[in-house]
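All remarks here apply to the structure that follows.
Number of protein chains: 2
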Amino acid sequence: MCELLGMSANVPTDICFSFTGLMQRGGNTGPHRDGWGITFYEGKGFRTFKDPNPSSQSRIAELVQEYPIKSRAVVSHIRQANRGGVSLENTHPFTRELWGQYWTFAHNGQLTGYESLETGRFKPVGDTDSELAFCWLLNQVEGRFPEPPEELDVVFDWVAKCCDTLRSLGVYNMLLSNGEYVLTYCTNNLHWITRRAPFGKASLIDEDVTIDFQQETTPNDVVTVVATQPLTNDECWHKMLPGEFSVFHLGELAYSRKG
Amino acid sequence: MCELLGMSANVPTDICFSFTGLMQRGGNTGPHRDGWGITFYEGKGFRTFKDPNPSSQSRIAELVQEYPIKSRAVVSHIRQANRGGVSLENTHPFTRELWGQYWTFAHNGQLTGYESLETGRFKPVGDTDSELAFCWLLNQVEGRFPEPPEELDVVFDWVAKCCDTLRSLGVYNMLLSNGEYVLTYCTNNLHWITRRAPFGKASLIDEDVTIDFQQETTPNDVVTVVATQPLTNDECWHKMLPGEFSVFHLGELAYSRKG
Chain A
1 MCELLGMSAN VPTDICFSFT GLMQRGGNTG PHRDGWGITF YEGKGFRTFK DPNPSSQSRI
61 AELVQEYPIK SRAVVSHIRQ ANRGGVSLEN THPFTRELWG QYWTFAHNGQ LTGYESLETG
121 RFKPVGDTDS ELAFCWLLNQ VEGRFPEPPE ELDVVFDWVA KCCDTLRSLG VYNMLLSNGE
181 YVLTYCTNNL HWITRRAPFG KASLIDEDVT IDFQQETTPN DVVTVVATQP LTNDECWHKM
241 LPGEFSVFHL GELAYSRKG
Chain B
1 MCELLGMSAN VPTDICFSFT GLMQRGGNTG PHRDGWGITF YEGKGFRTFK DPNPSSQSRI
61 AELVQEYPIK SRAVVSHIRQ ANRGGVSLEN THPFTRELWG QYWTFAHNGQ LTGYESLETG
121 RFKPVGDTDS ELAFCWLLNQ VEGRFPEPPE ELDVVFDWVA KCCDTLRSLG VYNMLLSNGE
181 YVLTYCTNNL HWITRRAPFG KASLIDEDVT IDFQQETTPN DVVTVVATQP LTNDECWHKM
241 LPGEFSVFHL GELAYSRKG
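For the record, the sequence lines run as chains A and B.
Quick note on the UniProt record's numbering: the first sequence kicks off at 1 and runs consecutively.
Quick note on the UniProt record's numbering: the second sequence kicks off at 1 and runs consecutively.
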């Protein structure tokens, strides 16, 4: 299994604190030794840092932890390989362009019988079930919506249905973003929290670090963090239900469909 | 104008030395203050580091300079914006998937009358002439070769012809790679050098750094570096001619078409 970490915020926000917790699980407090990656959106562009090496020993992960890249949408993943070898092309997140937007995807879980999914023009480069599922999902979305509709709600509905199909093939926890929206799907393990004023303090589970969000934020900031397991032990995280699909926008839960 | 840097090698090789020279041109010895990026291929996967800030002041550029990522194919770019604002989505290199391969592109120059080029399913995300030219080029290649032919020579011929078309729209110096091949096209400024045994010493033009390649290599290493302007002042760089198109493979010049 792997661990997912996502963020949606109404102002560019750094994710150093949460990432510090996550990266400890990459070979230190957790068994996820098979690479990690993180994608930051800035405007319509994005930056991805990734490494097939364990995050707890990665120079690049160190930089990401120390260097506050501010973003409104983040997708991150640390990997414990099941399908597909340990290599850069199999390291999440994966990004592809659709409708002139970059879409970024990370998956936790394992699928069976996925090999026959039709990916159309979105051809996997590596050999993970995850990248193939992503390519299939984009192909499904493009097949139904060759151009983006004005209201994306119908797209979200369709993505949710496609995720149901993927869940029928195994464990499918997902983060997906186009830089504006962060979409999540839960099979078994996905938690979320929205932080807003009045901000308090929080302590990481995986490392002895406490943050006072009040020092780091303005009163109007709204920031949601989504993670496989709660990252802090003194805040109240919501556990998502099997089949739950959610859309976060500018830090707020914008849409939710229970499974 | 911008500066390009590319590498092709027969063994995974780091590009720290050349990158050190290039990054000085990003706001220090050169005027290219509007972002930089570098893509390293490792197997079929790739990593891109990019920053819309000047490379000479970038924390991330510092990391890339110090951290020897070993690769057989590299595409790098520092930018002085002409078409398109300074933003992450306008920062080269650009990467898209075609045939289940990641293709990475960087451009130096400026085009006019490019807006009507048909990009098909490859939709630009930013608003540079460069990304649009890249999308058009991939669309041309996919239109002619929906599947990759067994011998890529015919693809290279076609890419060269497409580059001629782009050159007719202005200044078009290009680096393009799928991780195995590094393709170059010259309108006015592009230089290359192949280093092989017996290796000697070389000194950067842009910073007081000398390297003894013999200490860094084995006798079988073959490494080609392509750059807008020579990066060293004590080696003999080849200047490419207007319209010259070349393909480098495993460090060697594999194909060349004079303009």
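Backbone N, C-alpha and C fix where the C-beta goes; we use that ideal spot for every residue, glycine too.
- Contact between the segment 52 to 60 of chain A and the segment 88 to 105 of chain B is not established, with fewer than three Cβ pairs separated by less than 8 Å.
- Rounded to the nearest whole angstrom, the CA to CA distance from B/F19 to B/G37 is 11 Å.
- Counting of Cβ neighbours within 10 angstroms places B/C236 among the exposed residues, the total staying below 16.
- Within the segment 122 to 140 of chain A, the residues whose Cβ lies closer than 8 Å to any Cβ of chain B are, in chain order, F122, K123, P124, V125, G126.
- Taking 8 Å as the CB threshold, A/R195 stays off the interface with chain B.
- The straight-line gap separating the alpha-carbon atoms of B/E97 and B/A73 is approximately 16 Å.
- Residues D129, L132, A133, L169 of the same chain have their beta carbon placed closer than 7 Å to that of A/Y114, with the five preceding and five following residues left out of the count.
- Annotation for A/I69: no beta strand (DSSP E) segment contains it, and DSSP assigns it neither H nor E.
- Those residues of the segment 74 to 92 of chain B placed with their C-beta closer than 8 Å to a C-beta in chain A are S87, L88, E89, N90, T91, ordered along the chain.
- Proximity of A/T39 to chain B, defined by a Cβ-Cβ separation below 8 Å, is not satisfied.
- Scanning its chain for C-beta atoms nearer than 7 Å, with the 5 sequence neighbours on each side dropped, one finds around A/E42 the residues S71, in chain order.
- Cβ-Cβ distances below 7 Å link B/T187 to G109, R167, V171, Y172, N173, P242 in the same chain, with the five nearest sequence neighbours on each side left out; the list follows chain order.
- Secondary structure remark: continuous alpha helix (DSSP H) runs of at least 4 residues inside the segment 19 to 97 of chain B, in chain order: 59 to 66.
- Nearest Cα to B/H249 within the set B/F145, B/E89, B/V222, B/A227: B/V222.
- Following the DSSP letters along the chain, one finds B/G109 inside the beta strand (DSSP E) bounded by residues 101 to 111.
- The alpha-carbon of B/I193 is positioned some 50 Å away from that of A/C162.
- Not one beta carbon of chain B lies nearer than 8 Å to the beta carbon of A/L231.
- Within the model, the alpha-carbon separation for A/F145 versus A/K201 is close to 44 Å.
- Under the DSSP assignment, B/W158 falls in the alpha helix (DSSP H) whose first and last residues are 153 to 167.
- Excluding sequence positions up to five before and after A/Y185, its CB lies within less than 6 Å of the CB of C163, M174, F245, all in the same chain and listed in chain order.
- When beta bridges are read from the DSSP output, B/N173 appears opposite B/N108.
- Under the three-state reduction of DSSP output, B/D212 falls in the strand class.
- Fewer than three Cβ pairs drawn from the segment 62 to 70 of chain B and the segment 115 to 122 of chain B lie within less than 8 Å of each other, which leaves the two stretches out of contact.
- The beta carbon of B/L176 sits closer than 6 Å to those of F105, L183, all from its chain and outside the five residues before and after it, given in chain order.
- Judged by their CB atoms, A/L4 and A/A227 are nearer to each other than the 8 Å cut-off.
- A/A9 has A/V223 as its beta-bridge partners, per DSSP.
- Interface annotation, A/T48: in contact with chain B, CB-CB separation under 8 Å.
- Apart from the 5 residues on each side of it in sequence, B/G21 sits with its Cβ closer than 7 Å to the Cβ of L204, I205, D206, E207, L231 in its chain, given in chain order.
- Spanning the alpha carbons of B/E150 and B/W158 requires a straight line of approximately 15 Å.
- Taking each of B/Q215, B/E180, B/N233 in turn and checking the Cα distance to B/M7, the smallest one comes out for B/E180.
- Counting only Cβ-Cβ distances below 9 Å, A/W99 has contacts in chain B at K123, in chain order.
- DSSP places A/A197 outside both helix and strand once states are collapsed to three, so it counts as coil.
- Within the segment 168 to 185 of chain A, no residue places its CB atom closer than 8 Å to a CB of chain B.
- Shown here, A/L231 sits in coil according to DSSP, grouped into three states, outside any helix or strand.
- Nearest to A/V75 by alpha-carbon distance, out of A/F46, A/N82, A/V86, is A/F46.
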